[in-house]
Ligand SMILES: Nc1ncnc2c1ncn2[C@@H]1O[C@H](COP(=O)(O)OP(=O)(O)OP(=O)(O)O)[C@@H](O)[C@H]1O
Ligand SMILES: [Mg+2]
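Residue numbers (our numbering): 4 to 281.
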């Protein structure tokens, strides 16, 4: 299954979600490929790739006919592979401007490689650039991470209507897998109370408007999610017993439920229990 993690607005938690959701699925026993489609290469850097070592990247796979197998690399997380991003991706729109079928390039280069993975996750850049359009065209599902603030809500409305308009004119099968709240303030300090009230108001508003399209699981605000990037680790490696790590497993589980996919870890635990019971 191909999942695009997308929001035109910057800094809503796309990369943090892509990296840690990928790690959570890998921890649950799934084979995951994360494709970093952002020129900032934040997902790649967060997974411990040095800035000088980003090449070969999605750039080579998309624009230089380098086979995807040659750009996929393994990560320190078992079961999680990566195609890196790099700064040259910033010129994608210019390169793609005159190409026929330019919105289908990613779907084309993914080819049969996607069959080797349970999940292929695309971390999109913060704009509806041609790379984001390619991710939506290639995807079966898309996740929209948003932070609970007024401007993020406006961004959500714009994004969803842009995708509906694209669906009217392009061959897009991707469905909304869910709207995921990130950076939710659970801090009960008096100085944070006003922020918490505003966040709750926005969350309720989005829940009223989008109903079950909103994930029940959410990602709390936790500074360790920023720290992990500096250590080149996922939250599951950096703070495996933290609430924020558990919440990413919850999000991963909720996606499985929404897609009717069996959790292999649960299955093998059940098999073990049955074995012990005999
Ligand atoms: N739940 C969280 N708690 C605390 N900090 C967070 C959380 N999620 C993300 N951050 C931090 O907020 C910043 C933006 O997050 P992130 O890079 O994931 O957003 P993005 O949507 O991918 O941004 P961009 O649009 O630039 O690609 C980063 O510094 C990240 O470490
Ligand atoms: Mg990002």
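Even for Gly, the Cβ is constructed at its ideal location relative to N, Cα and C. What you are looking at is a predicted structure, and each value in this text was computed from that prediction instead of being measured.
Exercise for the section: Using DSSP bridges, identify the partner residues of residue 146. Expected result: 8, 181
Practice task
Report yes if the C-beta distance between residue 147 and residue 183 is below 8 Å; otherwise report no.
Solution key: yes
Practice task
Using beta-carbon positions only, say whether residue 220 and residue 253 come within less than 8 Å of one another.
Solution key: yes
Exercise for the section: Starting from the C-beta of residue 125, find all residues in its chain whose C-beta is less than 6 Å away, skip the five residues before and the five after it, and write them out in chain order. Expected result: 7, 38, 40, 138
Exercise for the section: Check whether the Cβ atoms of residue 237 and residue 80 sit closer than 8 Å, and answer yes or no. Expected result: yes
Handout entry: Three-way DSSP call (helix, strand, coil) for residue 239 in this model
Key = helix
Exercise for the section: State the DSSP-derived secondary structure class of residue 49, mapped to helix, strand or coil. Expected result: helix
Problem - Segment limits, alpha helix (DSSP H) that includes residue 66 - result: 61 to 66
Handout entry: For residue 253: DSSP bridge partner residues
Key = In the DSSP output, where bridge partners are listed per residue, residue 253 has none listed.
Handout entry: Backbone CA spacing between residue 127 and residue 177 [nearest angstrom]
Key = 15 Å
Problem - Best match in 51, 83, 69 for proximity to residue 24 [C-alpha to C-alpha] - result: 83
Handout entry: For residue 264, the three-state DSSP class (helix, strand or coil)
Key = coil
Problem - 8 Å contact criterion, which residue 222 and residue 251 should meet: CB distance rounded - result: 7 Å
Exercise for the section: Mark residue 10 as exposed unless 16 or more other C-beta atoms lie within 10 angstroms of its C-beta, in which case mark it buried. Expected result: buried
Handout entry: Extent of the continuous alpha helix (DSSP H) to which residue 96 belongs
Key = 95 to 99
Handout entry: Three-state secondary structure assigned by DSSP to residue 281
Key = Unreliable placement is indicated for residue 281, whose pLDDT of 44 sits below 50; the coordinate value is still reported in the next sentence. Reduced to three states, the DSSP call for residue 281 is coil.
Handout entry: Three or more C-beta pairs below 8 Å linking the region 116 to 125 and the region 14 to 29
Key = yes
Problem - Any non-hydrogen atom of ligand 2 within 7 Å of residue 231 CB - result: no
Problem - For residue 63 and residue 69, the rounded distance between their alpha carbons - result: 6 Å
Problem - Three or more C-beta pairs below 8 Å linking the region 40 to 51 and the region 91 to 104 - result: yes
Practice task
Please go through the same chain and pick out, in chain order, the residues whose beta-carbon is closer than 6 Å to the beta-carbon of residue 76, but skip the five residues on each side of it.
Solution key: 85
Practice task
Consider the C-beta atom of residue 84 and the heavy atoms of ligand 2; say whether any pair is separated by less than 7 Å.
Solution key: no
Exercise for the section: Using 7 Å as the cut-off, classify the Cβ of residue 186 as near or not near the heavy atoms of ligand 3, replying yes or no. Expected result: Inclusion of ligand 3 in the displayed structure is not the case, the ligand content consisting of ligand 1 and ligand 2 alone.
Exercise for the section: Look up residue 223 in the DSSP assignment and give the residues it is bridged to. Expected result: 187
Exercise for the section: Report whether the distance from the Cβ of residue 16 to the nearest heavy atom of ligand 1 is below 7 Å. Expected result: yes
Exercise for the section: Reducing DSSP to helix, strand and coil, say where residue 192 ends up. Expected result: coil
Problem - With 16 other Cβ atoms within 10 Å as the buried cut-off, status of residue 173 - result: exposed
Exercise for the section: Verify whether the separation of the beta carbon atoms of residue 114 and residue 71 is less than 8 Å. Expected result: yes
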